[in-house]
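Going down the list, the sequences are from chains A and B.
Per my numbering, residue 1 is the first one in the first sequence, and the count goes up by one each step.
Per my numbering, residue 1 is the first one in the second sequence, and the count goes up by one each step.
No residue lacks a Cβ here, since even glycine has one placed at the ideal position from N, Cα and C.
There are 2 protein chains.
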Amino acid sequence: MNPMQILVIGGVAAGASFAARARRLDETAKITLIERGNDVSFANCGLPYHIGGEIPVRDVLAVQTPASLKAMLNVDARTRCEAIRIDRDNKRVLVRNLSEQTEEWISYDKLMLAPGARPRIPAIAGVNNPRIHTLRNLSDMDRIIADTAPGMNAVVIGAGFIGLETAEQLHRKGLKVKIVQKGPHVLPQVDAKMAIPLENALAGHGIELFLNDEVTQFEDSGKILSCRLASGKTLKAEIVILSIGIEPDTGLARDADLKLGKRGHIVVNEFMQTSDPDIYAAGDAVETTDRFFGGPVSVALGGPANRQGRVAADHLFLREKARPYPGSLGTAIVRVFDVAAGSTGWTENRLKAAGRQYGITTVNDFHHASYFPGTEMLTLTILWDPDTGILLGAEAVGTQGVDKRLDVLATAITAKMTVEDICHLELAYAPPFGSAKDVVNIAGFAACNQRDGLVRTVSRLPANAGVQIIDVRGKPVADASPVPGAVNIPMTVLRDNLDRIDRTRPVVTVCALGKNSYFASRVLKQNGFDVSSLAGGLSTLIK
Amino acid sequence: MNPMQILVIGGVAAGASFAARARRLDETAKITLIERGNDVSFANCGLPYHIGGEIPVRDVLAVQTPASLKAMLNVDARTRCEAIRIDRDNKRVLVRNLSEQTEEWISYDKLMLAPGARPRIPAIAGVNNPRIHTLRNLSDMDRIIADTAPGMNAVVIGAGFIGLETAEQLHRKGLKVKIVQKGPHVLPQVDAKMAIPLENALAGHGIELFLNDEVTQFEDSGKILSCRLASGKTLKAEIVILSIGIEPDTGLARDADLKLGKRGHIVVNEFMQTSDPDIYAAGDAVETTDRFFGGPVSVALGGPANRQGRVAADHLFLREKARPYPGSLGTAIVRVFDVAAGSTGWTENRLKAAGRQYGITTVNDFHHASYFPGTEMLTLTILWDPDTGILLGAEAVGTQGVDKRLDVLATAITAKMTVEDICHLELAYAPPFGSAKDVVNIAGFAACNQRDGLVRTVSRLPANAGVQIIDVRGKPVADASPVPGAVNIPMTVLRDNLDRIDRTRPVVTVCALGKNSYFASRVLKQNGFDVSSLAGGLSTLIK
Ligand SMILES: Cc1cc2nc3c(=O)[nH]c(=O)nc-3n(C[C@H](O)[C@H](O)[C@H](O)COP(=O)(O)OP(=O)(O)OC[C@H]3O[C@@H](n4cnc5c(N)ncnc54)[C@H](O)[C@@H]3O)c2cc1C
Ligand SMILES: Cc1cc2nc3c(=O)[nH]c(=O)nc-3n(C[C@H](O)[C@H](O)[C@H](O)COP(=O)(O)OP(=O)(O)OC[C@H]3O[C@@H](n4cnc5c(N)ncnc54)[C@H](O)[C@@H]3O)c2cc1C
Ligand SMILES: CC(C)(COP(=O)(O)OP(=O)(O)OC[C@H]1O[C@@H](n2cnc3c(N)ncnc32)[C@H](O)[C@@H]1OP(=O)(O)O)[C@@H](O)C(=O)NCCC(=O)NCCS
Ligand SMILES: CC(C)(COP(=O)(O)OP(=O)(O)OC[C@H]1O[C@@H](n2cnc3c(N)ncnc32)[C@H](O)[C@@H]1OP(=O)(O)O)[C@@H](O)C(=O)NCCC(=O)NCCS
């Protein structure tokens, strides 16, 4: 019997992972991997960090090379080779060698499509300009590095994950960086409140933010590029980074009449098979299902891409032992200077956009024991189903321990845990690592308190002057940063000063973090007041 | 109606948490808290760190004081007051004021017993000596600080969590520290292999370890204390720390005829009620149920104590909304210099001792992207049910990210996830925080590979000379630290050198971390060899 011919198009995360797993499952198959770019298996996610020199050595980004794939995996990896046509009837792919400008048909028994995604280019006048860059692979990175020098002006358009990382690293290289963001805050994935610490970090490093704005035109004077904004402002820059999102690179799949989703992603089943069972697809190019609610979703991240590639190989060789891809949750994180922010599952913005009902709980607490040196505050929001208390998603921001809480909550969400369940997660506690009641537990407590009717929360200060604001912080703090219209009655003397509060008007209690205001609201509620507590405290409202 | 009289015995973790939650649920109750020691609500877990000065300010350890409990919670907290008798018939407790040497009966409607545990004192000749200390509260800590000075010799007896932390901090203070440990390795909770990095860290700081040894006698010469060991050795010290474990402080409960467990813990139901429904108990003094298998268990840690206290208060006031305590898992972690180690759920030692069947998987991987600066290796062991693949427990050791993996796995174990489920946990990945395939995913992959018959692992090098050891590390490494009896065939050239391996004899493949040896075992297996892979690699076997 002839060995099975496996052809892989796209040689980075999904494609290389598929090839690697396929080889481990089958020593005899002939595995050929076709990559249009100069490199296979590189660390896309590390690209921004070499621009700023935080990853000092370029070589570490090339996780594998064609030579190492050959030696380790007996995979025939060909770079600078582009698949330009799939002939499904004859099960072959036309491949153009970009170096030698030759073409050849390569036959397959099984084909893996892992072409990934490409940066979205807006239809703006002047956008095709050598000063305007996108960042997807090592060659893009090399060009950005070559075209930048300390002191230059850079404009980053789009403040998602890649835009933020690139802005930080350009600043690290010594450029003067400005960010233009269409929406009202950076990191549109998370709620405005969670983005504030990121914006503070950017501002703290002198990176200027242009929010609720967008570029309408680029003008090249030869020496400098002018970015005209919708607001009428003009930003001048030697270099512009476009990071406004990506789109799946699925022209080849479309031409081959494979089924595509609404936004152009390749549709696959739970074993990553496309509409042609001999063709698998994985990674940024595909649409899988939402792990929580079902329904099509595309999560363009490294973890899903790698694991989807592996699932496809398992389906091909492990038969009945193969396990389906369970869908994507959407867990993501970004570091901006010393602040980390991220989310898992359904964010508040996504729930709102989908018109779903949700409960929301925001708490602040220390990332490890408050009394242990180096303790840092983090803010955690959990979103839950108001009927069942089942967790839907979480958002977190802070300088330490953000990744840990997102991972715990990603696990809890995957397990369909409720807010009650996370009250009693038994997490590792010694002073350098956590707290006896971790912030995840606290979020569970606070959510249960809401569900049990022990507390009513508001997420912003009341606009209505009829509502009394009682600031229960200590007097020195309250005096130093007073809340407009609030009466200061510190929590420690609240019980003795109830007569200072008007029983006929609603009350909102506020404090720095949302904890003492909750305590105060319990006192007031049991004393007959109509009271709400400002969730998350004042700290989260302050720019 | 008279306000409810609530009396709390023991004012630190469980007791104070109960009182705090009770107050938030009921403003009217009269809450009295009796504490024998000088302090309420202090951070026991921080005590070791003030000895070495890592927590420089003593005050931060007093999380609350009687005055702050009064102000914040309207709780009447009385220190230096000891409950000496419970009169259940008349629902009152005899309390002795240790300062004034007076006694008084205090009545209760509901009583909370949170007396905690006390250090175990072995019956050894000479053990009652002012140079011999235990560490449980601030007064103990103050005495240890007063009695130590740089240059002194200290012997720490018992290398569990508290012993290790105290040894580290005495070293930090400049003492010459020796540790005596009865068992074959430090941190008896985890497997020997996982303890090696801790032992290396201790040795690296000049802390001498006396394993498989124990003190049989103390002799005080006046100027120095001699600890005679079973091995015949004698260790001389100015100060000795006894940290060989704890026992529940439940004499009062016993005298009151409350039901106790086999090892003297107070037996409670899932709402923390003792055999007397008007008496609750929580914390180190109680026996709850094992969260996984059921059955009585006592997990003497801060998290369970705090949450148990809260559950009891909920039961008292929230009625049908109260949720039961779900049992304890046993999640613990310790830091020793730069190494962290811990476990969650059923450890290998515990499974062995209980005679339960288990599957075991050990992997090593980087704590965040391998190409990102500062990446550190960690070792993760997962234990699982061989029939169902359901996770039973996990152990982890490393310098970074150990707490995160334990927390994720604690959550997964709580959710009764299988090794298949953790393959597809979607954890937060950006280069500073994780990897596209986190070590938790890798552990899932490796366990599935075992279950699917793709690999057979061994946990130590074969003793039988008939087994061929194939070392697949690169030649320079293999030459520098050869494995006795092994043949070196680097993974990269394995496929071309199969004829160097004897097909008639079993093979064990080895490498540094267990990854390449797995890759090699796949090649050999598919080529007809009888092959096993050394799980976790050589790194975990090296002292
Ligand atoms: C700057 C940057 C930072 C990122 N940071 C993170 C992060 O922190 N965390 C995270 O989880 N994810 C991150 N990602 C996303 C992650 O890299 C992608 O999700 C992942 O690489 C997708 O894998 P893939 O195999 O589907 O596609 P890709 O990795 O894009 O690989 C597809 C490859 O296919 C090739 N190809 C396409 N068409 C053809 C063809 N016709 N013939 C031959 N070859 C073809 C392309 O040249 C490309 O190299 C980042 C991405 C970028 C660009
Ligand atoms: C040095 C040290 C380090 C630790 N490190 C950690 C760690 O890193 N992580 C972790 O999770 N846990 C740690 N622990 C354990 C944790 O502190 C305990 O699990 C927790 O404090 C138990 O709470 P408790 O309320 O049951 O008992 P305790 O905190 O011990 O409080 C009980 C109190 O009751 C008082 N009492 C007893 N009998 C009477 C009586 N008859 N009348 C009046 N008062 C009485 C005692 O004086 C005592 O103060 C550590 C403990 C110590 C000692
Ligand atoms: C380099 C690349 C081809 C590697 O593929 P891979 O060999 O499957 O991945 P890894 O090197 O992580 O190894 C994982 C394999 O080793 C096994 N493994 C890892 N550590 C192990 C250990 N200590 N013991 C036993 N097995 C181990 C895993 O189980 C897995 O094998 P399996 O899939 O057969 O179960 C692919 O991941 C890649 O191209 N990465 C770079 C690109 C990328 O991911 N970009 C996006 C993010 S930056
Ligand atoms: C000090 C002590 C009495 C505090 O008890 P406590 O008030 O229940 O605990 P905390 O101060 O952590 O506050 C937790 C409460 O605040 C709420 N909370 C905390 N942060 C909040 C936030 N940002 N928003 C809303 N609510 C918040 C929690 O929901 C919880 O209230 P609940 O139990 O009514 O739901 C007790 O924990 C103690 O004695 N600790 C020290 C001793 C100890 O634990 N030792 C062992 C470990 S070192």
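Considering Cα atoms alone, identify which of the options is closest to residue i.
{"i": "B/Arg-335", "options": "B/Ala-281, B/Gly-160 and B/Gln-273", "result": "B/Gly-160"}
{"i": "A/Ile-34", "options": "A/Val-63, A/Pro-115, A/Arg-88 and A/Thr-28", "result": "A/Pro-115"}
{"i": "A/Gly-46", "options": "B/Pro-506, B/Ala-436 and B/Ser-459", "result": "B/Ala-436"}
{"i": "B/Leu-461", "options": "B/Gly-295, B/Gln-400, B/Leu-538 and B/Ile-31", "result": "B/Leu-538"}
{"i": "B/Lys-236", "options": "B/Leu-242, B/Ala-230 and B/Ser-226", "result": "B/Ser-226"}
Using a Cβ-based criterion (distance less than 8 Å to any ligand heavy atom), does residue i qualify as near ligand 2?
{"i": "A/Glu-54", "result": "no"}
{"i": "B/Glu-165", "result": "yes"}
{"i": "B/Asn-44", "result": "yes"}
{"i": "B/Phe-337", "result": "no"}
{"i": "B/Gly-9", "result": "Per the sequence shown, the amino acid found at residue 9 of chain B is Ile instead of Gly. Yes, the beta carbon of B/Ile-9 sits closer than 8 Å to at least one heavy atom of ligand 2."}
{"i": "B/Asp-249", "result": "yes"}
Check the Cβ-Cβ distances between residue i and every residue of chain A, and say whether any is below 9 Å.
{"i": "B/Cys-81", "result": "no"}
{"i": "B/Met-112", "result": "no"}
{"i": "B/Thr-28", "result": "yes"}
{"i": "B/Pro-197", "result": "no"}
{"i": "B/Leu-235", "result": "no"}
{"i": "B/Ile-132", "result": "no"}
Just reading off the alpha helix (DSSP H) that residue i is part of, what are its end residues?
{"i": "A/Lys-173", "result": "161-173"}
{"i": "A/Gly-413", "result": "The displayed chain sequence assigns Ile, not Gly, to residue 413 of chain A. Element bounds for A/Ile-413: 402-414."}
{"i": "B/Val-63", "result": "That residue, B/Val-63, is in no alpha helix (DSSP H); it is neither H nor E in DSSP."}
{"i": "A/Phe-18", "result": "14-25"}
{"i": "A/Asn-306", "result": "302-317"}
{"i": "B/Gly-251", "result": "251-255"}
{"i": "B/Ala-353", "result": "348-353"}
Name the two residues that bound the continuous beta strand (DSSP E) containing residue i.
{"i": "B/Gln-217", "result": "215-220"}
{"i": "A/Asn-488", "result": "486-488"}
{"i": "B/Ala-396", "result": "391-398"}
{"i": "B/Glu-247", "result": "246-248"}
{"i": "B/Gln-101", "result": "B/Gln-101 -> no beta strand (DSSP E), and no H or E assigned at all."}
{"i": "B/Cys-448", "result": "It is not in any beta strand (DSSP E) - B/Cys-448 instead sits in the alpha helix (DSSP H) that spans 439-451."}
Would you say residue i touches ligand 1, meaning its beta carbon is less than 8 Å from a heavy atom?
{"i": "A/Pro-490", "result": "no"}
{"i": "A/Asn-137", "result": "yes"}
{"i": "A/Arg-36", "result": "yes"}
{"i": "A/Ile-84", "result": "yes"}
{"i": "A/Asp-284", "result": "yes"}
{"i": "A/Val-12", "result": "yes"}
{"i": "A/Val-334", "result": "yes"}
Heavy atom of ligand 4 less than 8 Å from the Cβ of residue i, yes or no?
{"i": "B/Arg-21", "result": "yes"}
Answer yes or no: does any C-beta atom of chain B fall closer than 9 Å to that of residue i?
{"i": "A/Gln-5", "result": "no"}
{"i": "A/Ala-22", "result": "no"}
{"i": "A/Leu-570", "result": "In this structure chain A extends from 1 to 543, so residue 570 of chain A is not present and cannot be described."}
{"i": "A/Lys-321", "result": "yes"}
{"i": "A/Asp-349", "result": "According to the sequence provided, residue 349 of chain A is Asn. The question's Asp does not apply to it. False, the Cβ-Cβ gap to chain B never drops below 9 Å."}
{"i": "A/Asp-403", "result": "yes"}
Can you tell me whether residue i sits near ligand 3, meaning its C-beta is under 8 Å from at least one heavy atom of the ligand?
{"i": "B/Arg-522", "result": "yes"}
{"i": "B/Asp-365", "result": "yes"}
{"i": "B/Cys-448", "result": "yes"}
If you measure from the beta carbon of residue i to each beta carbon in chain D, is any gap under 9 Å?
{"i": "B/Ile-31", "result": "No chain D appears in the structure shown, which is made up of the protein chains A and B."}
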